[in-house]
Amino acid sequence: MPSLTVFDHLAMHPFLSDLPAERLHRLAWHAAPVLRPTGRRLFREGSPAERFWLVRSGDIALDFHVPGRGDVVVEHVGAGGVIGWSWMRPPYRWTLGAVVARECRALEFDAGGVRELIAEDADLGRELNARFVAVVGERLQAARRRLVELYAYPPDPALREG
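Just so we're aligned: the sequence shown equals residues 43 to 204 in this note's numbering.
This is how it looks when you write it as structure tokens:
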């Protein structure tokens, strides 16, 4: 069985599968398949956002630092999901962190190359912006739900002492 190309993986990923083949071919130039082991941190909140990922398998935990509580996971992203949108707008810094919770296969994109592609193709830029805005909305809702869980039901101090 022949191995799949980056284009094939893009065409099968739910985030981009309905884009025209010509646009997928152009995006494929800026992507590479990667395998990331469990426990590997992809990025930390506040660090430069130079990549983004389309997850093919595995699990990525999105987190942010909460003083007194450490890194708090706000969402898990699995197969078919997207990691990263901070690369799209200056100052190109991550608003969350991400760590591999279960070995992950993904397509990793060079954000600078995709930004150049978007600058050349305004229609593609509008299409990607719309798709990533939907991701941002999902992440905001997940963070909101997690914050309610954390602060509406604080941990019982008696449980920590035992």
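Virtual Cβ for every residue (Gly too), placed ideally from N, Cα, C.
Computed from a predicted model, the values in this text were never measured in an experiment.
Exercise for review: Determine the direct distance from the alpha carbon of L61 to that of W136, and round the result to whole angstroms.
Suggested key: Position 94 of the sequence shown, counting from 1, holds the residue named residue 136. Position 19 of the sequence shown, counting from 1, holds the residue named residue 61. About 26 Å.
Practice item. With D284 as the anchor, note down where its beta strand (DSSP E) starts and where it stops. Key: This structure cannot speak to residue 284, because the chain is shown only from 43 to 204.
Point to revise | Span of the alpha helix (DSSP H), counted from its first residue to its last, around R68 | key: Within the sequence shown, residue 68 is the residue found at index 26, counting from 1. Residues A63 to A70.
Check your understanding: For the putative contact between W127 and V177, defined by C-beta atoms under 8 Å, what is the C-beta separation to the nearest angstrom?
Key -> To locate residue 127, count along the sequence shown from 1; it is residue 85. To locate residue 177, count along the sequence shown from 1; it is residue 135. Rounded, the Cβ-Cβ distance is 6 Å, consistent with contact.
Point to revise | Whole-angstrom distance between G110 and W71, CA atom to CA atom | key: Indexing the sequence shown from 1 puts residue 71 at position 29. Indexing the sequence shown from 1 puts residue 110 at position 68. Cα to Cα, the separation comes out at about 43 Å.
Check your understanding: Which residue's Cα is closest to the Cα of E87: F151, D113 and G81?
Key -> Locating residue 87 in the sequence shown gives position 45, counting from the first residue. It is D113.
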